[in-house]
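Down below is the structure, laid out as structure tokens.
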Amino acid sequence: MTLNVGDKVIFKVFRYNPEKDEAPYFQDYEVEIRRRGMMVLDGLNQIRWEQDGTLAYRRSCREGVCGSDGMNICGVNTTSCMAHIEDYNTTTLTIKPLPGFPVIKDLVVDFTDFFNKYFMVKPYLIERIPPPEKERLQSVEDRAKLDGLYECILCGCCSSSCPFYWSDKDYLGPSAMLNAARFVFDSRDDGKGERLDIVNNKHGVWRCHTVLNCITACPKELNPTKAIAMLQHEILKRKW
Amino acid sequence: MAEFMRGYIDRYTGSAKAGDFSWFAQRITGLCLILILIFHMFINHWGSLWPSAMMWFMMHAMFKKVFYVVFALFLVYHGMNGVFYVFDDYIRTAGWRTTLKLVFGITGVVYFWVAFIAIVP
Ligand code: SF4
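First to last, the sequence lines map onto chains A and B.
Our numbering puts the first residue of the first sequence at 111, with every later residue one more than the last.
Our numbering puts the first residue of the second sequence at 1461, with every later residue one more than the last.
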């Protein structure tokens, strides 16, 4: 669907203020297309800055790097700064907070559990030898093994789209495990064993039932399911 | 470890919490069951398609018994393990989960025993 400058679209936005509202509700806002290729985040900014300053949502870099504006747009999780309004082929966009996370207010959700699970997999280089004087060298081939793993922006879209992340509160989730894989397959890292011990858990890699929602949801086009399968393979290889 | 991480460490440590064996065995038994089932169809229902296999099987009663005991064992393990997965995924209360696993586990053992005494004598 082509939207021209001056066209109007409706943003049906999830609203909930736990301090005031008894239950969540949807509020409609009219957003004007002011330039071609407008993003959903531009629309939300227009609402907040010109119509309703009480609307709460997170944003920062507005170019798909900070990962703070993950939300559910027309049923699919993504970051609003990477979602073109036009691509939804509709004049009414339903915008909800990321499913499976507790809502703090409107589109802002509580990421505490998500980040604790991320920290749990030790997302940093572990070295058993003293650090070198200069940078830690890595061959081009070893560096290439990290492609598709290091680009994660921790937006939470993948974990929030996974039904097992909703149902099992202890499940580490696709994001934490993709970040575990990012270090497990890093040639400079010595912490492979301890990380595999953590994800080798019935709430870790073995809880993934390859629903594949995480792949659809990831705005960076990463493949957390594949990362989980790589970890499973590594664990089985180590054991048998 | 920071105070806010309290409670997280225990959840993901300890070998008893792994689950790699049941995951792996579920896939291996699943694969074996497909092969066993195909073979079972050849020797019992589609005998005309592979007569030599059917004849060999009929003449080696001991092998036939072992084959069907293994079939029953894999079937029970795969079925029960699958049901346990469903309980882990959908039953949120630990007490209910354990109770149901116990009931289904005992049913599985009884089922295998019934199959065993029907096959072996
Ligand atoms: S894997 Fe993709 S969807 Fe998941 S947190 Fe990272 S960037 Fe977001």
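Glycine is no exception: its CB is placed at the ideal position from the N, C-alpha and C atoms.
Predicted model, so just to flag it, every value in this text is computed and none were measured.
Can you find at least 3 beta carbon pairs, one from the stretch 228–236 of chain A and one from the stretch 186–201 of chain A, that sit closer than 8 Å?
no
Given 7 Å as the limit, tell me if S190(A) has its C-beta closer than that to any heavy atom belonging to ligand 1.
The count along the first sequence starts at 1 and reaches residue 190(A) at position 80. S190(A) Cβ: outside cutoff for every heavy atom of ligand 1.
If we ignore side chains and look at the alpha-carbon of each, how far apart do R172(A) and C318(A) end up?
Your numbering for residue 172(A) matches position 62 in the first sequence. Your numbering for residue 318(A) matches position 208 in the first sequence. So the two alpha carbons sit approximately 31 Å from each other.
What is the DSSP secondary structure of Q161(A), counted as helix, strand or coil?
Here residue 161(A) is taken as the residue at index 51 of the first sequence, counted from 1. Reduced to three states, the DSSP call for Q161(A) is helix.
4-residue-minimum alpha helix (DSSP H) runs that sit fully inside the stretch 213–291 of chain A, ordered along the chain
222–230, 250–254, 267–271 and 273–277
Could you compute how far the alpha carbon of S277(A) sits from the alpha carbon of A1532(B)?
Working through the first sequence from its first residue, we reach residue 277(A) at position 167. Working through the second sequence from its first residue, we reach residue 1532(B) at position 72. Using only the alpha carbons, I get a separation of about 32 Å.
Comparing alpha-carbon positions, which option in K349(A), W316(A) and D117(A) lies nearest A337(A)?
Reading the first sequence from its first residue, position 227 is the one you call residue 337(A). Ranking the options by Cα distance to A337(A), first place goes to W316(A).
Given the structure, does A327(A) come close to ligand 2, in the sense that its CB is under 7 Å from one of the ligand's heavy atoms?
Judged by which ligands are present, ligand 2 is missing from the structure shown, whose ligands are ligand 1.
If we count Cβ pairs, one from each stretch, closer than 8 Å, do we get three or more for the stretch 282–300 of chain A versus the stretch 318–335 of chain A?
yes
Who are K206(A)'s beta bridge partners in DSSP?
Here residue 206(A) refers to the residue found at position 96 when the first sequence is read from its first residue. For K206(A), which the question treats as bridged, DSSP gives the partners N182(A).
Can you pull the chain A neighbours of A1478(B), defined as C-beta to C-beta under 8 Å?
The residue labelled residue 1478(B) in the question sits at position 18 within the second sequence. Within chain A, the residues near A1478(B) are N310, N311, K312 and W316.
Exposed or buried, A1554(B), counting other C-beta atoms within 10 Å across all chains shown (16 or more means buried)?
Counted from its first residue, the second sequence places residue 1554(B) at position 94. By the neighbour-count rule (16 or more Cβ atoms within 10 Å), A1554(B) is not buried but exposed.
Label K312(A) either buried or exposed according to how many other C-beta atoms from any shown protein chain fall within 10 Å of its C-beta, with 16 as the threshold for buried.
Sequence index remark: in the first sequence, residue 312(A) carries index 202 (1-based). Answer is buried; the Cβ neighbour count reaches 16.
Chain-ordered chain B contacts of S277(A) [CB-CB under 7 Å]:
Here residue 277(A) is taken as the residue at index 167 of the first sequence, counted from 1. Per Cβ cutoff of 7 Å: D1549 and Y1550.
Do you know whose CA, among V213(A), M181(A) and T164(A), lies nearest C265(A)'s CA?
Here residue 265(A) corresponds to residue number 155 of the first sequence, with the count starting at 1. Cα-wise, what sits closest to C265(A) is M181(A).
Could you pull the DSSP bridge partners for I120(A) from this structure?
As a working note, residue 120(A) is residue 10 in the first sequence. According to DSSP, which records beta bridges pairwise, I120(A) is partnered with E140(A) and T202(A).
Please report whether the beta-carbon of M287(A) lies at a distance below 8 Å from any beta-carbon of chain B.
Within the first sequence, the letter at position 177 stands for residue 287(A). Closer than 8 Å: no.
In chain B, which residues lie with their C-beta within 7 Å of the C-beta of F274(A)?
Within the first sequence, numbered from 1, the residue matching residue 274(A) stands at position 164. Chain B residues near F274(A): D1549.
Residues in its own chain within less than 8 Å of P209(A) by CB, not counting five upstream and five downstream?
Against the first sequence, residue 209(A) aligns to sequence position 99. Taken in chain order, the residues that qualify are N182, N187, S270, S271 and W276.
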